[in-house]
Structures are given as C-alpha cells and as structure tokens.
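S.K.: Once you've had a glance at the structure underneath, I'll fire off some questions.
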Amino acid sequence: MLTINNLHARVEEKEILKGLNLEVKPGEIHAIMGPNGSGKSTLASVLAGREAYEVTDGSVNYLGEDLLELSPEERAQKGIFLAFQYPVEIPGVSTTNFLKTAINEIRKARGEEALDAVNFLKLMKEKMKLVNIDDTLLKRALNEGFSGGEKKRNEVFQMAMLEPKLAILDETDSGLDIDALRIVAEGVNKLRSKDNAIIVVTHYQRLLDYIVPDFVHVLYKGKIVKSGTKELALELEEKGYDWIKAEVTA
Ligand code: ADP
Ligand code: MG
Ligand code: MG
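Be aware that the sequence shown starts at 3, since it is given in this note's numbering, and climbs by one per residue.
Written out as structure tokens, the structure reads:
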C-alpha cells in the first residue's frame, strides 16, 4: 500500500527527514513514536502533501503511484486521511454539511454519482451508530466550542464517513485526557479492516494499550532507527528514549 524509500524532506531550509524508510501493507496498524522534534508530524504532513514541506530526495509509492506527484486533494480522493494535529473550526458550517460536500467531492473525483439526501442520511445513520456519536454534535458548527473529547469523536466520525484506505492519525502533543484517548482508540479499532491501513503517530504509550499496533517504529532525528512489535512500546514506556539514542550514536 505504502512504500517510503530514503525520504528526505525539509521545512524552511532545515532538513527534518533524513532518509526515512517505511513499508505499510493493507490491514496493518503502524505506530510511530519518538522524542519531541524528531520529525513525526513532518512525516504526516509530507504524506498529506502540505505545502510548506519540501521533499528533497527519496520516493513514496502509494497503491502503485508516485504519491509525491499528487496534489493534497488528489491524495484525499485516493483515500488518504490525515487527522488530529490541527483540528479546523469552520464557523457556521455543520459537520453534516461539511461531510456532504467532502464525500461528494471524493465520489466525483472517482467518477461516482453524488449521494442524494436519502442515501447520505442512511450512511450518516450507519456510521453514527458505529462510532457512537449523536446528531446534536453533528448539527453544531464544525469544532466550534467542542470539548477535546467531542473533537475527537467528531474526527473519528469523519474518518468513518470518508472510509480512508490509509489513515494517518497524528496526536497532538498535549491535552489528551484518558476519555479522549479511549474515543480515538475505540474508533480506530472499529474502523480497522483487512483492506485499510492506519499509521498512528503518538508519544503516548497509553494509546497503544487500547489500539494494538502490528508494528511500532521509533523515529529519531529524521529516520526510523528501530522497529518492533507492541513490546517495543512497552519498553519505551519503561526506559524512555535514551537507550535508543545511545544505540544510534554508538
Ligand atoms: P515531532 O512531531 O516528532 O515532535 P516535528 O515534525 O513537529 O516533530 O518537528 C521536527 C522539527 O521540524 C522540529 O525541530 C520543528 O521545530 C521543525 N519544524 C516542523 N514544522 C516546522 C515549520 N512549519 N517551520 C519550521 N520548522 C518546523
Ligand atoms: Mg512535537
Ligand atoms: Mg508532532
């Protein structure tokens, strides 16, 4: 599904990713951990195609295509979904209207017919049940005055509606309480299937108590320096990152 080879990228003339390799297959959940400033959010932004991020070397293949040649909109249309790092607020636009537009843009790009009101509502109902959200939240303006937990639930719902092939969840560095973690984890667990893949960027080992990843990678100084199973996350929780830094410099 996704093959990243020797990826180098910079932001504002500063090289952040320095030869990153990663392979993600359908059905897999990958957790990316690492000390603050190691480049985790940069990786997520590069995959989503954010403008400020310039790729200087390496390749990213997504479903047989050169991902780096695609615009951010094309990436979204082809099933890439980036969540959580910068929750947008759209005053006056409800989640429902926002999603109706987003879904029909994606369908149009795929050459499919727009969903009519009845079928859109049917899909809404099905996904609302799945992620346990109620429609009062969906009628309110997107993220306006939402609590942390409500924002999370709303984003999980957006993910459920858009049915991404590759979801990249980049956790914010602070302020996630245990309830919000649970909401994210429950959503992810319900949405995982053999056909889609999920990359979870987090430095909370706690999140991985609820979402069990197939692989855990440590990103340090712009490279993946260690990969393992969920046991690696437990080891990091216990011992921190210093032993990994020592291994890298040895
Ligand atoms: P992480 O998510 O692992 O904490 P980031 O990818 O956010 O790390 O940041 C990696 C490095 O890139 C940091 O030194 C950060 O200051 C820098 N950086 C990230 N985004 C920008 C930006 N938009 N402008 C300037 N520097 C940035
Ligand atoms: Mg950070
Ligand atoms: Mg980050």
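Even glycine gets a Cβ: it sits at the ideal position worked out from N, Cα and C.
Give a yes or no on whether 8 Å exceeds the smallest Cβ distance from residue 45 to chain D.
M.R.: Note that chain D does not occur in the displayed structure, where there is just one protein chain.
S.K.: Buried or exposed: where does residue 88 fall if 16 or more other Cβ atoms within 10 Å of its Cβ makes it buried?
M.R.: Sequence index remark: in the sequence shown, residue 88 carries index 86 (1-based). Confidence in residue 88 is poor, its pLDDT being 48 and thus under 50, which makes the residue's placement unreliable; the coordinate value appears in the next sentence. Exposed, since its Cβ has fewer than 16 Cβ neighbours within 10 Å.
S.K.: Are there any heavy atoms of ligand 1 lying less than 7 Å away from the beta-carbon of residue 133, as far as the coordinates show?
M.R.: Reading the sequence shown from its first residue, position 131 is the one you call residue 133. Residue 133 Cβ: outside cutoff for every heavy atom of ligand 1.
S.K.: Helix, strand or coil for residue 184 per DSSP?
M.R.: Start at 1 with the first residue of the sequence shown, and residue 184 comes out as number 182. Helix at residue 184.
S.K.: Would residue 250 and residue 218 be called neighbours here (beta carbons separated by less than 8 Å)?
M.R.: Looking up residue 250 in the sequence shown gives position 248. Looking up residue 218 in the sequence shown gives position 216. No.
S.K.: Of all the options 126, 209, 79, which has the alpha carbon lying nearest to the alpha carbon of residue 113?
M.R.: To locate residue 113, count along the sequence shown from 1; it is residue 111. Checking every option, the nearest Cα to that of residue 113 belongs to 79.
S.K.: Expressed to the nearest angstrom, what Euclidean distance is found between the alpha-carbon atoms of residue 23 and residue 222?
M.R.: On the sequence shown, residue 23 is found 21 positions in, with the first residue counted as 1. On the sequence shown, residue 222 is found 220 positions in, with the first residue counted as 1. Rounded to whole angstroms, residue 23 to residue 222 spans 12 Å at the Cα level.
S.K.: Taking DSSP as the reference, what is the three-state secondary structure of residue 242?
M.R.: The sequence position of residue 242 within the sequence shown is 240, counting from 1. Correct three-state label for residue 242: coil.
S.K.: Only counting runs of 3 or more residues, tell me where the beta strand (DSSP E) segments fall wholly within the stretch 135 to 166, in order along the chain.
M.R.: The stretch 135 to 166 contains no whole beta strand (DSSP E) run of 3 or more residues.
S.K.: Could you give the DSSP three-state label for residue 95: helix, strand or coil?
M.R.: For this step, residue 95 is matched to residue 93 along the sequence shown. Here residue 95 sits in strand by DSSP.
S.K.: Answer yes or no: do residue 8 and residue 68 have a C-beta to C-beta separation smaller than 8 Å?
M.R.: Counting from one through the sequence shown, the residue named residue 8 turns up at place 6. Counting from one through the sequence shown, the residue named residue 68 turns up at place 66. The answer is no: Cβ separation not under 8 Å.
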